[in-house]
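Undergrad: So the sequence shown is numbered by numbering that gives the first Met the number 0: it starts at 0 and just counts up by one. Quick reminder that beta carbons are idealized off the backbone N, C-alpha and C, glycines included. The structure displayed is predicted, hence computed values, not measured ones. Okay, here's the structure, questions in a sec.
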Amino acid sequence: MNTELVHDKEIDRKTIPSETLKLLSMSDSLVSRKPGIFTIEDLINIKKYINFSLLLPIKHKDMVFDTKISQKNTLPIKISELIDLFIKIRQHALSWNNVEYQVKQQSIDLELTGRNITMTGNQLIDYINQMPLLERISQRIEELDISNIELIGFSSDDYIIANELVNILELIKDDIILQSKKTTVVRNTVADFRTYIIGGNLSNEQQIDSLLFATRKIKQQLEDIIDSNDTHHLLNQIELKKDEVSQLEQEYSHYVKLAFTGLAGGIIGLIITGSIFGDKAEKIRARKNILLNEIIALEEQINIDKKLNGLLSNITVRLQHMDSYFRDARLALDHLDYMWQTILAEINDSIAKFKTINNSHLLAQFTIQLKKIILSWDAVTDYSQHLILLFEHKNINPLSPI
0 MNTELVHDKE
10 IDRKTIPSET
20 LKLLSMSDSL
30 VSRKPGIFTI
40 EDLINIKKYI
50 NFSLLLPIKH
60 KDMVFDTKIS
70 QKNTLPIKIS
80 ELIDLFIKIR
90 QHALSWNNVE
100 YQVKQQSIDL
110 ELTGRNITMT
120 GNQLIDYINQ
130 MPLLERISQR
140 IEELDISNIE
150 LIGFSSDDYI
160 IANELVNILE
170 LIKDDIILQS
180 KKTTVVRNTV
190 ADFRTYIIGG
200 NLSNEQQIDS
210 LLFATRKIKQ
220 QLEDIIDSND
230 THHLLNQIEL
240 KKDEVSQLEQ
250 EYSHYVKLAF
260 TGLAGGIIGL
270 IITGSIFGDK
280 AEKIRARKNI
290 LLNEIIALEE
300 QINIDKKLNG
310 LLSNITVRLQ
320 HMDSYFRDAR
330 LALDHLDYMW
340 QTILAEINDS
350 IAKFKTINNS
360 HLLAQFTIQL
370 KKIILSWDAV
380 TDYSQHLILL
390 FEHKNINPLS
400 PI
């Protein structure tokens, strides 16, 4: 049995933001999934599903017209049940606009957050470079060896600036917390959309029935009656009736002749009972018409079953695809959530460490780590632009629901 190689690599926790966005934007050479919370293919197919769902008949007259069914049809379900299902599918499809908006806004927020953290981080480094401690070191650089430089402590002015820098780090932390909450909202929105498809509990713990299961259930009811009785039985009936019609046509052909016939002496014979005008021919004709109407009705019934069953099959397949798109999108958002939690832990750690810094050595170490964080978020800004551009793709608004 062949198995694919699993590609692993070790990364610094501080580079989690850029590594996460590299995964989502297909900017890592090992990534094969197309860019996006939803990929461009996902978005195109989702839009097709939405268009398809919005065209489902949700009124009785439309249902009868579109599927050719009526109360006379021997369906295992009421037309009202189909309409109720289609209304629910349509309402669910209408909620996509909110999902799309939130996912797109998530990408925009990522870019803005990347810019803000990068800018604020660079300001922090500028403030650190302007601390009195570094000025004192530069003034005495020639008379100090490396070990002495590393142990030069903070002055009261340094502590004042350090406290301000902690406040700035707290602002970054607040922004991270805010973005984490926003991601949770988006993730719940995506998960809730999927819950309507597969059933279960929404993010608010409300229990929802599955549209996919409801569609399958009705489809199975239809298949059961078709498989057990209707299709084979109806086809047999049609064949028997067609055979009878053929026999009647052969019989009727004997009557298809001129009712007038020439006799000797210029006398014209009039054939009535033995012609199409006769009672026997009329009975054959009437019986044949009855059979033909019955055949049409039976064939129409089979076509209705097939049409409705085909429509339900179409819905089922599309819902299954939607389930996979939203499952993957939820997983992509889980990665973002992990990113926020990880970077939040890093920020908390940075704040705690910065509060303990009291000499140039510790300050230098902190600056190095801070630069790594800034570099990672600078990359986030670039990668997130790819996610935003996905929604501007010309093919994600198909006119056809096919």
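Thinking residue 191 and residue 198 are a contact (beta carbons under 8 Å), I'd like their distance in whole angstroms, please.
TA: The pair is not a contact, with the Cβ atoms about 12 Å apart (cut-off 8 Å).
Undergrad: Report back the beta-carbon spacing between residue 172 and residue 343 to the nearest angstrom; my notes put them in contact at under 8 Å.
TA: 7 Å
Undergrad: Using a 10 Å radius around the Cβ and a threshold of 16 neighbouring Cβ atoms, would you call residue 21 buried or exposed?
TA: buried
Undergrad: State buried or exposed for residue 354, treating a residue as buried only when at least 16 other CB atoms are found within 10 Å of its CB.
TA: exposed
Undergrad: In three-state terms, what does DSSP make of residue 200?
TA: strand
Undergrad: Go ahead and pull the three-state DSSP assignment for residue 18.
TA: helix
Undergrad: Using three-state DSSP, classify residue 384 as helix, strand or coil.
TA: helix
Undergrad: Under a Cβ-count criterion, where at least 16 other Cβ atoms within 10 Å of its own Cβ denotes burial, should residue 238 be classed as buried or exposed?
TA: exposed
Undergrad: Considering only the alpha carbon of each residue, which of 293, 323, 242 and 212 lies closest to residue 44?
TA: 323
Undergrad: Specify, as a first and last residue, the run of the alpha helix (DSSP H) that residue 117 falls within.
TA: DSSP places residue 117 in the uninterrupted alpha helix (DSSP H) bounded by 95-128.
Undergrad: Suppose the cutoff is 8 Å on Cβ atoms and the five residues either side in sequence are ignored; what does the same chain contact list for residue 91 look like?
TA: 52, 192, 195, 196 and 210
Undergrad: For residue 11, tell me which candidate among 33, 375 and 313 has the shortest Cα-Cα distance.
TA: 375
Undergrad: Is DSSP giving residue 309 helix, strand or coil here?
TA: helix
Undergrad: Please report the residue range of the alpha helix (DSSP H) in which residue 52 lies.
TA: 39-53
Undergrad: For residue 114, collect the residues of the same chain with a Cβ closer than 6 Å to its Cβ; drop the 5 residues on either side in sequence, then sort them by chain order.
TA: 380
Undergrad: Suppose the cutoff is 7 Å on Cβ atoms and the five residues either side in sequence are ignored; what does the same chain contact list for residue 185 look like?
TA: Taken in chain order, the residues that qualify are 101, 102, 105 and 332.
Undergrad: Are the Cβ atoms of residue 287 and residue 247 separated by less than 8 Å?
TA: yes
Undergrad: Run through the DSSP bridge pairs and tell me what residue 152 is partnered with.
TA: 358
Undergrad: Which residue from 47, 33, 84 and 167 puts its Cα closest to that of residue 58?
TA: 84
Undergrad: Residue 70 by DSSP, collapsed to three states: which one?
TA: Caution is warranted here: a pLDDT of 49 is assigned to residue 70, below 50, making its placement in the model unreliable, and no coordinate value can be reported.
Undergrad: Pull up the distance between the alpha-carbon of residue 183 and that of residue 94, whole angstroms please.
TA: 18 Å
Undergrad: Using a threshold of 8 Å, state whether the C-beta atoms of residue 346 and residue 117 are closer than that.
TA: No, these two residues do not count as a Cβ contact at 8 Å.
Undergrad: I need the straight-line Cα distance from residue 358 to residue 166, nearest angstrom please.
TA: When only Cα atoms are considered, residue 358 and residue 166 end up about 19 Å apart.
Undergrad: With H, G and I counted as helix, E and B as strand and the rest as coil, what does DSSP make of residue 207?
TA: strand
Undergrad: Kindly indicate which residue of 366, 390 and 48 has the alpha-carbon position closest to the one of residue 164.
TA: Comparing Cα positions, the closest option is 366.
Undergrad: Judging by CA-CA distance, which residue of 296, 32 and 131 is the nearest neighbour of residue 234?
TA: 296
Undergrad: Is it buried or exposed for residue 32, if we count other Cβ within 10 angstroms and need 16 for buried?
TA: exposed
Undergrad: With burial defined as no fewer than 16 other Cβ atoms inside 10 Å of the residue's Cβ, what is the status of residue 378: buried or exposed?
TA: buried
Undergrad: So, residue 243 versus residue 290, is the Cβ gap smaller than 8 Å?
TA: yes
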